[in-house]
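The opening residue of the sequence shown carries number 0 in numbering that gives the first Met the number 0; numbering runs sequentially from there. We put the CB at the ideal spot given by N, CA and C, even for glycine.
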Amino acid sequence: MAQPAVNKDMEYRRLGATGLRVSVLSFGSWVTFDTQLDDQLAIDCMAAAGEAGCNFFDNAEAYAGGESEAIMGRSLQDLGWPRWSYVLTTKVFFGIHGGVPNMGMTLNRKYLLQAIEGSLERLQTDFVDVLYCHRSDPNTPMEEVVWAMSDIVSSGKATYWGTSEWSAAEIRAAMAIAERHHLHKPVTEQSQYNLLERLRVEEEYADLVADTGYGNTIWSPLASGLLTGKYRDGVPDDSRFALEGYEWLAKRLNDPSGVERVERLRPIADRLDCTMAQLALAWCTTNPAVSTVITGASKVEQVVSNFETLAVIPKLDDAVKAEMEAALAD
Ligand SMILES: NC(=O)c1ccc[n+]([C@@H]2O[C@H](COP(=O)([O-])OP(=O)(O)OC[C@H]3O[C@@H](n4cnc5c(N)ncnc54)[C@H](OP(=O)(O)O)[C@@H]3O)[C@@H](O)[C@H]2O)c1
């Protein structure tokens with residue numbers, strides 16, 4: 000495949016108020032790259048996503064201590080896609096240099112200007128399309144963060160910049176500083192959003208989105224796999240919740256009511272002739288404030304099946320959505 004396919008069934012939404020078009024289903028590498036997927040499997044997954052019309056690939060400096068970016072960089076070289084044919088994003092904040100002062104858990108100017116260099120080197124590219132601040136930093140003045148991120152955009156090393164899990168008030172503060180100084184404003188959030196986690200996106204950001212058109216490229220649309228229904232009978236050996244180091248995620252299963260609630264969606268998926276994963280992914284796309292739903296996968300078959308969600312989206316009319324809401328209500 001010379002480049003990601005332009006799929007007639009794929010919706011390419013505007014990234015918030017920008018003119019950038021991103022596939023409504025996209026692909027990210029958290030947990031999977033390096034831990035579950037070696038170079039060849041990463042290439043195969045990215046190729047499968049690209050074949051389905053995915054043009055947005057997400058990463059972060061901190062994923063697998065930088066190795067996730069390195070794998071994606073090598074995969075993109077192997078795939079040989081022209082740089083203009085896809086949107087590449089990454090995130091900085093947590094750092095990869097242990098406890099070295101200024102090199103992690105910060106958004107200070109020194110860190111940001113150095114972190115982007117490392118990410119570009121690992122990704123083997125001159126620029127990313129969106130550089131996110133992976134979290135907010137209460138210990139760096141907002142003005143310093145906005146100037147540094149805007150300078151990175153001005154330098155051409157990022158096309159846009161965004162935020163991840165910032166409060167609405169922090170995003171507004173950043174936008175106001177950018178406006179005051181004629182700097183590049185942040186254009187999009189990257190927030191957790193799925194059938195079980197809705198408050199921030201639907202309530203906290205509602206006014207912000209109405210006022211500014213701020214975008215959202217949402218993460219963990221399957222609640223790390225919980226919404227696939229595969230944890231009904233315990234934890235499969237090859238699943239994320241069985242991975243060493245992710246016990247904190249698996250703790251979700253300590254509350255059996257989560258699994259039980261998710262099971263209430265199964266009859267709806269069966270009736271619509273789709274998987275529970277497809278139902279959950281399709282639901283995320285029905286929120287117009289969502290620019291793209293970043294999917295994750297540890298197997299090529301999951302990528303293929305998840306992108307087949309495109310055929311399920313039209314089935315989620317208001318009646319089906321109301322039925323889903325009712326099923327999940329406590
Ligand atoms: N900004 C942030 O703070 C942040 C945080 C987290 C993620 N993200 C981004 O969002 C992306 C997606 O997040 P996520 O990986 O947590 O998404 P997710 O869709 O909630 O979970 C993906 C995982 O669910 C399982 N899965 C996926 N499709 C499946 C299917 N059809 N059947 C059965 N199991 C399936 C796989 O895990 P197993 O097969 O291993 O069980 C897969 O790795 C990340 O890659 C990253 O780019 C951002």
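DSSP places T291 inside the beta strand (DSSP E), whose first and last residues are 291 to 294. Using a cutoff of 7 Å, the CB of G295 counts as near ligand 1, since one of the ligand's heavy atoms is closer than that. Between ligand 1 and the CB of N54, the shortest heavy atom gap is not smaller than 7 Å. Distance from the C-beta of S163 to the nearest heavy atom of ligand 1 is below 7 Å.
Annotation for L271: the continuous alpha helix (DSSP H) segment containing it runs 265 to 271. The secondary-structure analysis by DSSP pairs L24 across a beta bridge with V292. Counting of Cβ neighbours within 10 angstroms places D57 among the buried residues, the total reaching 16 or more. Ranked by Cα distance from D33, the first of A249, E259, T308, M71 is M71.
Taking A69 as reference, the option from G49, L14, A172, R121 with the minimal CA-CA separation is R121. Not a single heavy atom of ligand 1 lies less than 7 Å from the C-beta of V129. Residue range 255 to 262 is occupied by the alpha helix (DSSP H) that includes P255. Between the alpha carbons of N215 and D237 lies a distance of about 30 Å.
Rounded to whole angstroms, the separation of the alpha carbons of G97 and V208 is 36 Å.
Taking the C-beta atoms as reference points, T88 is found nearer than 8 Å to D128.
Around the C-beta of A16, fewer than 16 other C-beta atoms lie within 10 Å, and the residue is accordingly described as exposed.
A177 is positioned such that its CB atom lies closer than 8 Å to that of S149.
Burial state of P81 is exposed, judged by a 10 Å Cβ sphere holding fewer than 16 other Cβ atoms. In this structure the segment 225 to 243 does not touch the segment 198 to 213; the number of beta carbon pairs closer than 8 Å is below three. Contact holds between the segment 142 to 162 and the segment 182 to 201, because three or more Cβ pairs, one in each stretch, are under 8 Å apart. Between I115 and A61, the CB-CB gap reaches or exceeds 8 Å. Per DSSP, the unbroken alpha helix (DSSP H) holding D43 starts and ends at 38 to 50. In this structure, Q35 has its beta carbon less than 7 Å from a heavy atom of ligand 1. With contacts defined by Cβ atoms closer than 8 Å, T31 and G295 form a contacting pair. Take the alpha-carbon of L112 and the one of I151: they are about 7 Å apart. Following the DSSP letters along the chain, one finds F55 in no alpha helix (DSSP H) but inside the beta strand (DSSP E) bounded by residues 55 to 57. Here Q35 carries a coil assignment [DSSP, helix/strand/coil].
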